[in-house]
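Okay, so here's the structure we're looking at.
There are 2 protein chains.
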Amino acid sequence: MNETGKYKMKRKVPEPTLKRLPGYLYYLDKVKEQGIINISAPMIGKDLKCDPTQVVKDLAVTGIKGKPRVGYNTYELIHALEDYLGFNRTNEAFIVGAGNLGSALMAYQEHQSLGLKIIAAFDVDEKKIGTHVGRIHILEYNKLFSLSNRLDVKIGILTTPNSVAQDVAEDLVNCGIKAIWNFTSAILHLPDDIIVQSTSMSSYAAVLLRRLNDSEK
Amino acid sequence: MNETGKYKMKRKVPEPTLKRLPGYLYYLDKVKEQGIINISAPMIGKDLKCDPTQVVKDLAVTGIKGKPRVGYNTYELIHALEDYLGFNRTNEAFIVGAGNLGSALMAYQEHQSLGLKIIAAFDVDEKKIGTHVGRIHILEYNKLFSLSNRLDVKIGILTTPNSVAQDVAEDLVNCGIKAIWNFTSAILHLPDDIIVQSTSMSSYAAVLLRRLNDSEK
DNA sequence: AACATATAAAGAAATAATTCTTTATTTTAA
DNA sequence: TTAAAATAAAGAATTATTTCTTTATATGTT
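Each protein sequence line maps, in turn, to chains S and C. Everything in the first sequence is counted per the numbering used here, starting at 260 for the first residue and increasing by one. Everything in the second sequence is counted per the numbering used here, starting at 260 for the first residue and increasing by one.
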């Protein structure tokens, strides 16, 4: 027995779908620039090299409906995607670890939209404290505690060495952080209600290298 | 009718499995440091917060067998994983685009093992040409063509602005590159035999933001 | 105004991945 | 030497995701 009926159960949107959504957004921005007002799923599928029914299913999560023989309204679709992804809200984030990757993300977000607004970075390195990357100031790590008291930031980006990742993550949670974007290799052990999104560069490298080796037989 | 028989057909290893393998490697390195000689799948599963049968299936791709009541030999397993992933070979790579992300990757790989050896970076920015990040020299973009003639590099890392990604990717293919690690948002249209691994930061941000919004109801 | 056509929507089927179950093996202990 | 326990391996079942098929609808054309 399934749960169709008057109680619209909140079905979980598949992660592969979520990961594809920013790609549609990037594509649609370019389409809009070309002055194209309506765009069909088969067209999107052709340009993005994916199945048109996949496109329809993915875009359906935003609630936007297309019209047969016309397609989707470009503007409406972009707006719905941004809304759904939260890219048009100001999602404030702290970043801990102002090393290479941390600095890159700070600089990166000024050009590429990640939907995040990094408002401060923290580090323990005396040489980095007081400097800034773009508009983002690098503060002494201990300032994290006082600043989080005043600012209600929900997102923390973890770009520290692996060895301190668990400790810093726990500090972030104690500071009211609800979601952690983890760039370290550490496996974080945190309360279940904390959202952890791990982005491991080596995972991608692994897939690339293996596929390359496979192709060389 | 399936293909069991004397011809062992090369079954494709699932991408989720490949992505998990570097995580096992990182974990096992720490286990080895603690002097633990044998490690069981249930133990690995507990530490890595995943299903023990998943662990067994994942590790099986390396060909290593565990022993009941003992587990896997730590050293043997690490070796097999490195071998399978190609992390113990020198996988030479070029990087194009010495901006924030490119520089971060160059600096990053000197500390964190990605299984790659970036041997040169290319950029068109006069101010960057001639400088270096760590031990990696940043060369004039046009040098890509002459250098690739002499060096037989198979992997290209693409960290350029989106607008030039397609053109640079085509250049890389013409230089004999077989696999491209694409950090841009561009959808690359390349010959089918070229392996493209796209790593979009905004995909991860999207999942994080959406899950955070969902949890806030 | 009716018809043909392109296309989105909804549902079914197929595929892929994970989790569960059973079986077989190896070691330790009685 | 035998029995018990832990665990890997193999296979089945479940779940998730993608692809395929059908249906309905809106638009342009005759």
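Glycine included, every Cβ here is placed at the ideal spot set by N, Cα and C.
The beta strand (DSSP E) enclosing residue i, as first and last residue numbers
i: S/Val-455; result: 454-457
i: S/Val-355; result: 350-355
Residue environment, residue i, which counts as buried when at least 16 other CB atoms sit within 10 Å
i: S/Asn-261; result: The predicted model places S/Asn-261 with a pLDDT of 30, which falls under 50 and marks its position as unreliable, so this point remains unresolved.
i: S/Val-329; result: exposed
i: C/Phe-404; result: exposed
i: C/Glu-475; result: exposed
i: C/Gln-293; result: exposed
i: S/Thr-333; result: buried
i: C/Arg-348; result: exposed
i: S/Thr-458; result: buried
i: S/Asp-426; result: exposed
i: S/Ala-464; result: buried
i: C/Thr-312; result: exposed
i: C/Asp-451; result: exposed
i: S/Tyr-266; result: The predicted position of S/Tyr-266 is uncertain, since its pLDDT is 33 and thus under 50; no value can be drawn from it.
i: C/Asn-359; result: buried
i: S/Gly-264; result: Only weak support exists for where S/Gly-264 lies, its pLDDT of 28 falling under 50; the coordinates are left without a value.
i: C/Met-268; result: Confidence at C/Met-268 is low in this model, with a pLDDT of 41, below 50, so its placement is unreliable and the value that follows should be read with caution. So C/Met-268 counts as exposed.
Presumed contact (8 Å Cβ cut-off) between residue i and residue j, rounded CB distance
i: C/Leu-375; j: C/Ile-414; result: 7 Å
i: C/Val-412; j: C/Phe-381; result: The pair is not a contact, with the Cβ atoms about 11 Å apart (cut-off 8 Å).
i: S/Ile-303; j: S/Val-314; result: 5 Å
i: C/Pro-281; j: C/Leu-344; result: 7 Å
i: C/Leu-373; j: S/Ser-461; result: 5 Å
i: S/Gly-389; j: S/Ala-366; result: That pair is no contact at about 18 Å.
i: C/Lys-437; j: S/Leu-431; result: The pair is not a contact, with the Cβ atoms about 41 Å apart (cut-off 8 Å).
i: S/Leu-447; j: S/Val-455; result: 6 Å
i: S/Leu-449; j: S/Ala-428; result: 6 Å
i: C/Lys-278; j: S/Val-383; result: At roughly 31 Å, the Cβ-Cβ gap does not stay under 8 Å, so C/Lys-278 and S/Val-383 are not in contact.
For residue i, the first and last residue of its enclosing alpha helix (DSSP H)
i: S/Glu-274; result: 274-292
i: S/Asp-382; result: S/Asp-382 -> not in any alpha helix (DSSP H); beta strand (DSSP E) instead, spanning 375-382.
i: S/Asn-441; result: Counting along the chain, S/Asn-441 falls outside any alpha helix (DSSP H), though it belongs to the beta strand (DSSP E) covering 438-441.
i: S/Glu-335; result: 333-344
i: C/Thr-312; result: 311-319
i: C/Gly-330; result: Where C/Gly-330 is concerned, there is no enclosing alpha helix (DSSP H), given that its DSSP letter is neither H nor E.
i: C/Ala-445; result: It is not in any alpha helix (DSSP H) - C/Ala-445 carries neither H nor E in the DSSP assignment.
i: C/Pro-301; result: 300-307
i: S/Asp-473; result: 460-474
i: S/Ser-362; result: 359-367
Among the options, the one whose alpha carbon lies nearest that of residue i
i: S/Ile-286; options: C/Glu-292, C/Ser-422, C/Ser-362 and C/Gly-294; result: One detail in the question is off: residue 286 of chain S reads as Tyr in this sequence, not Ile. Among C/Glu-292, C/Ser-422, C/Ser-362 and C/Gly-294, the Cα nearest to that of S/Tyr-286 is on C/Ser-422.
i: C/Lys-386; options: C/Gln-425, C/Arg-409, C/Tyr-400 and C/Thr-321; result: C/Tyr-400
i: C/Asp-306; options: S/Ala-465, S/Ala-464, S/Ala-445 and S/Arg-469; result: S/Ala-445
i: C/Phe-353; options: C/Gly-345, C/Gln-368, C/Glu-341 and C/Leu-340; result: C/Gln-368
i: C/Ile-439; options: C/Lys-271, C/Ile-416 and C/Ala-319; result: C/Ile-416
i: S/His-396; options: S/Ser-362, S/Ser-407 and S/Leu-410; result: S/Ser-362
i: S/Phe-442; options: S/Thr-419, S/Cys-434, S/Val-432 and S/Glu-341; result: S/Thr-419
i: C/Glu-341; options: C/Tyr-283, C/Ile-377 and C/Lys-316; result: C/Tyr-283
i: C/Asn-350; options: C/Ala-339, C/Asp-384, C/Ser-299 and C/Leu-410; result: C/Leu-410
i: S/Gly-325; options: S/Phe-346, S/Ile-298 and S/Val-290; result: S/Ile-298
i: C/Ala-357; options: C/Ala-339, C/His-338, C/Tyr-331 and C/His-391; result: C/His-391
i: C/Ala-339; options: C/Gln-371, C/Leu-360 and C/Asp-317; result: C/Asp-317
i: S/Val-320; options: S/Asn-359, S/Pro-301, S/Glu-274 and S/Cys-309; result: S/Glu-274
i: S/Ala-300; options: S/Val-466, S/Pro-327 and S/Ala-379; result: S/Pro-327
i: C/Asp-310; options: C/Thr-276, C/His-370 and C/Val-290; result: C/Thr-276
i: C/Ser-407; options: C/Ala-424, C/Ala-379, C/Val-383 and C/Asp-384; result: C/Ala-379
i: S/Lys-291; options: S/Tyr-331, S/Ile-377 and S/Val-466; result: S/Tyr-331
i: C/Lys-402; options: C/Gln-371, C/Cys-434 and C/Ile-377; result: C/Cys-434
Any non-hydrogen atom of the ligand FAD within 8 Å of residue i CB
i: S/Ser-474; result: Summarising the ligand content, the structure contains no ligands, and the ligand FAD is consequently not present.
*Identify every run of the alpha helix (DSSP H) within the stretch 378-420 of chain S, keeping only runs that are complete inside it and at least 4 residues long; order them along the chain.*
402-410
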